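S.K.: If you scroll down you'll find the structure; I have some questions about it.
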């Protein structure tokens, strides 16, 4: 049997702190220290680079099956690798919806065939995302995809009885319900955040209370049934207050914030550029400040990209007709560096917590979010924090061109991504999928 390639990462700054060498072999970190033997290994010069555990995204839209014009598992997982991710959770709003064991197994299989990152399907909470009856939660959990996260993201599970039943059901297999918190009766026809800007522009508003009221209800339901709740894309200061209150009471709730909600405000909607149309909408400066503080102090547990690619014709149109959503996999780490690290709110260890360790724990990804230590899985990312680059959507791996950071200079550049010991990205460029999966793909008929 041919020995697997060995890689010696020379002089990386672990978590932005102590420089060390990392020997990656046989899918794991085989050695860590200074002056490691490089014989038989490909040397990767990491002087000046920060080494972090491979990133994990709890909230990615890969669109496949059925919406391959917007994204595929292949293109989306390539984008993930370029962004430093070694695992992503694919949301259920595909076509058909991922509400059966068969569909989630198909998504997981597509991810394995692609070989760029672990693709963990998220199962729908309700059949067809319609909010009428529970989907096959148990069957999806017991399937080969071993689903542990369930969400109707894009739609809110607004019926409290149905939400309670879902929370009760997932307890049997340590699952979690990830709620898109949006009271639909308060947001009918909404086009942007309800506030001073919406009043000036005359666009129907999406009030903060539509998010906050659902979160308040759901943390109480989670407490009542003793289940895990995850809140998707938190966007308001009031939501932060409710989650902080719930955690203080010992309620098992976690929450995420998107990169765009850490950086952008509803003032951008004055341009009427549909690239800034997203759900939940961009909020106010005060909301952004509250979200940053909450991520820094751990009230918000993770950064979730809510990567939502769309065909150009769905975004390059008038505002009211445009689809909601932004891409994010290839810019997330840079935005977090800009919003959180360069402002002094977080260090690189905190970034590892929010973008690798905590999301892996929430998604029950036991092989990811592990420390950089000998014997641990070889999932890691090398980042050049001194680099600066300008976002060019046309040059990205994702099919989506709807980046709100297009043309903007961002800090930090992913230099290399190691997935299960294999470099999917080297020198900032796609290298190759994991050969174990590529080999399986080549042998298929």
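In the numbering used here, the protein residues as written are 8 to 452.
Glycine included, every Cβ here is placed at the ideal spot set by N, Cα and C.
Note that the structure is a prediction, hence the values are computed from the model and not measured.
1) How is the beta strand (DSSP E) around residue 416 delimited, first residue to last?
2) Tell me the DSSP bridge mates of residue 429?
3) What does the alpha-carbon distance come out to for the pair residue 452 and residue 80?
4) Nearest-angstrom Cα distance between residue 195 and residue 28?
5) Please report the distance separating the alpha-carbon of residue 415 from that of residue 185.
6) Given 8 Å as the limit, is there contact between the region 286 to 299 and the region 385 to 393, that is, 3 or more CB pairs closer than that?
7) May I have the straight-line CA-CA distance separating residue 300 from residue 352, to the nearest angstrom?
8) What ranges does the alpha helix (DSSP H) occupy inside the region 246 to 321, keeping only unbroken runs of at least 4 residues that lie completely in it?
9) Suppose contacts are defined by Cβ-Cβ distances below 8 Å. Is residue 92 in contact with residue 61 by that definition?
10) Give the straight-line distance between the Cα atoms of residue 146 and residue 334, rounded to the nearest whole angstrom.
11) Please state whether DSSP places residue 82 in a helix, a strand or coil.
12) Given a threshold of 16 other Cβ atoms within 10 Å of its Cβ, counted over all protein chains shown, does residue 378 qualify as buried or as exposed?
13) What are the complete alpha helix (DSSP H) segments, minimum 4 residues, inside the region 81 to 135?
14) Just grab the DSSP bridge partners of residue 186 for me.
15) Pick out whichever of 285, 279, 276, 236 has its Cα sitting closest to the Cα of residue 263.
16) Below 7 Å CB to CB, which residues in the same chain sit around residue 2 once its five sequence neighbours on both sides are set aside?
17) Hey, would you say residue 95 sits closer than 8 Å to residue 121, going by beta carbons?
18) Going by the beta-carbon positions, is the gap between residue 55 and residue 391 smaller than 8 Å?
19) Between residue 156 and residue 376, is the Cβ-Cβ spacing less than 8 Å?
20) Following the continuous beta strand (DSSP E) through residue 14, name the residue where it begins and the one where it ends.
21) With three or more beta-carbon pairs closer than 8 Å as the criterion, would you say the region 333 to 350 touches the region 258 to 273?
22) Taking just the CA atoms, how far does residue 204 sit from residue 51?
23) In this structure, does DSSP put residue 170 in helix, strand or coil?
24) Do residue 100 and residue 160 have their C-beta atoms closer together than 8 Å?
25) Which residue wins for smallest C-alpha separation from residue 109, given the options 150, 84, 86, 331?
26) DSSP three-state call for residue 64: helix, strand or coil?
27) Measuring alpha carbon to alpha carbon, tell me which residue in 19, 68, 431 is nearest residue 53.
28) Checking 8 Å against the spacing of the C-beta atoms, do residue 336 and residue 115 come in under that value?
29) Beta-carbon separation of residue 198 and residue 327 under 8 Å?
30) My guess is that residue 77 and residue 406 are in contact by the Cβ rule of under 8 Å, so how many angstroms apart are they, rounded?
31) Buried or exposed: where does residue 409 fall if 16 or more other Cβ atoms within 10 Å of its Cβ makes it buried?
32) Which residues in the same chain as residue 434 place their Cβ atom closer than 8 Å to its Cβ, once the five residues preceding and following it in sequence are excluded?
33) Less than 7 Å between C-beta atoms, sequence neighbours within five positions excluded: which residues of the same chain meet that for residue 82?
34) Roughly how many whole angstroms lie between the Cα atoms of residue 22 and residue 223?
M.R.: In short, the structure shows the following:
1) Here the question's residue 416 lines up with position 409 in the chain shown. Here the beta strand (DSSP E) through residue 416 covers 416 to 426.
2) Position 422 of the chain shown, counted from the start, is the residue given in the question as residue 429. Paired residue(s): 426.
3) For the purposes of this step, residue 452 is taken as the residue at position 445 of the chain shown. For the purposes of this step, residue 80 is taken as the residue at position 73 of the chain shown. Per-residue confidence for residue 452 stands at a pLDDT of 30, beneath the threshold of 50, marking its modelled position as unreliable; the derived number appears in the next sentence. Going from the Cα of residue 452 to the Cα of residue 80 covers about 20 Å.
4) For this step, residue 195 is matched to residue 188 along the chain shown. For this step, residue 28 is matched to residue 21 along the chain shown. Between residue 195 and residue 28, the C-alpha separation is close to 55 Å.
5) Against the chain shown, residue 415 aligns to sequence position 408. Against the chain shown, residue 185 aligns to sequence position 178. Taking the straight line joining both Cα atoms gives about 31 Å.
6) no
7) What you label residue 300 is simply residue 293 of the chain shown in a count that begins at 1. What you label residue 352 is simply residue 345 of the chain shown in a count that begins at 1. If you take the alpha carbons of residue 300 and residue 352, they lie about 8 Å apart.
8) 266 to 270, 292 to 304
9) For the purposes of this step, residue 92 is taken as the residue at position 85 of the chain shown. For the purposes of this step, residue 61 is taken as the residue at position 54 of the chain shown. In contact: residue 92 and residue 61 (Cβ atoms closer than 8 Å).
10) As a working mapping, residue 146 is identified with position 139 in the chain shown. As a working mapping, residue 334 is identified with position 327 in the chain shown. Those two C-alpha atoms are separated by around 31 Å.
11) Residue 82 sits at position 75 when you count from the first residue of the chain shown. In this structure, residue 82 counts as helix in the three-state DSSP scheme.
12) The residue you call residue 378 lines up with position 371 of the chain shown. Classification for residue 378: exposed.
13) 108 to 121
14) Residue numbering aside, residue 186 sits at position 179 when the chain shown is read from its first letter. Per DSSP, 238.
15) Taking the chain shown and counting its residues from 1, the one referred to as residue 263 is at position 256. Closest option to residue 263, Cα to Cα, is 236.
16) Beyond the ends of the chain as shown, which are 8 and 452, falls residue 2; an answer cannot be given.
17) Translated into the one-based positions of the chain shown, residue 95 becomes position 88. Translated into the one-based positions of the chain shown, residue 121 becomes position 114. Contact: no.
18) As a first step, residue 55 is located in the chain shown; it is residue number 48 there, counting from the start. As a first step, residue 391 is located in the chain shown; it is residue number 384 there, counting from the start. Taking 8 Å as the Cβ cut-off, residue 55 and residue 391 qualify as a contacting pair.
19) Counting from one through the chain shown, the residue named residue 156 turns up at place 149. Counting from one through the chain shown, the residue named residue 376 turns up at place 369. It is not a contact, given that the beta carbons lie outside the stated cut-off.
20) For the purposes of this step, residue 14 is taken as residue 7 along the chain shown, with counting starting at 1. 13 to 21 is the extent of the beta strand (DSSP E) around residue 14.
21) yes
22) Within the chain shown, residue 51 is the residue found at index 44, counting from 1. Within the chain shown, residue 204 is the residue found at index 197, counting from 1. Near 50 Å, if we compare the C-alpha coordinates of residue 204 and residue 51.
23) As a working note, residue 170 is residue 163 in the chain shown. The answer is helix: DSSP assigns residue 170 an H, G or I state.
24) Taking the chain shown and counting its residues from 1, the one referred to as residue 100 is at position 93. Taking the chain shown and counting its residues from 1, the one referred to as residue 160 is at position 153. Closer than 8 Å, so yes.
25) For this step, residue 109 is matched to residue 102 along the chain shown. Nearest C-alpha to residue 109: 150.
26) Here residue 64 refers to the residue found at position 57 of the chain shown. Note: residue 64 maps to strand in three-state DSSP.
27) Here the question's residue 53 lines up with position 46 in the chain shown. The shortest C-alpha separation from residue 53 is found at 19.
28) As a working note, residue 336 is residue 329 in the chain shown. As a working note, residue 115 is residue 108 in the chain shown. It is not a contact, given that the beta carbons lie outside the stated cut-off.
29) As a first step, residue 198 must be located in the chain shown, where it is residue number 191. As a first step, residue 327 must be located in the chain shown, where it is residue number 320. The answer is yes: Cβ separation under 8 Å.
30) Here residue 77 refers to the residue found at position 70 of the chain shown. Here residue 406 refers to the residue found at position 399 of the chain shown. 6 Å between Cβ atoms; contact.
31) Taking the first residue of the chain shown as 1, we reach residue 409 at position 402. Buried, since its Cβ has 16 or more Cβ neighbours within 10 Å.
32) For the purposes of this step, residue 434 is taken as the residue at position 427 of the chain shown. Hits under 8 Å: 422, 423.
33) Mapped onto the chain shown, residue 82 falls at position 75. Cβ within range, chain order: 404, 405, 406.
34) Counted from its first residue, the chain shown places residue 22 at position 15. Counted from its first residue, the chain shown places residue 223 at position 216. So the two alpha carbons sit approximately 35 Å from each other.
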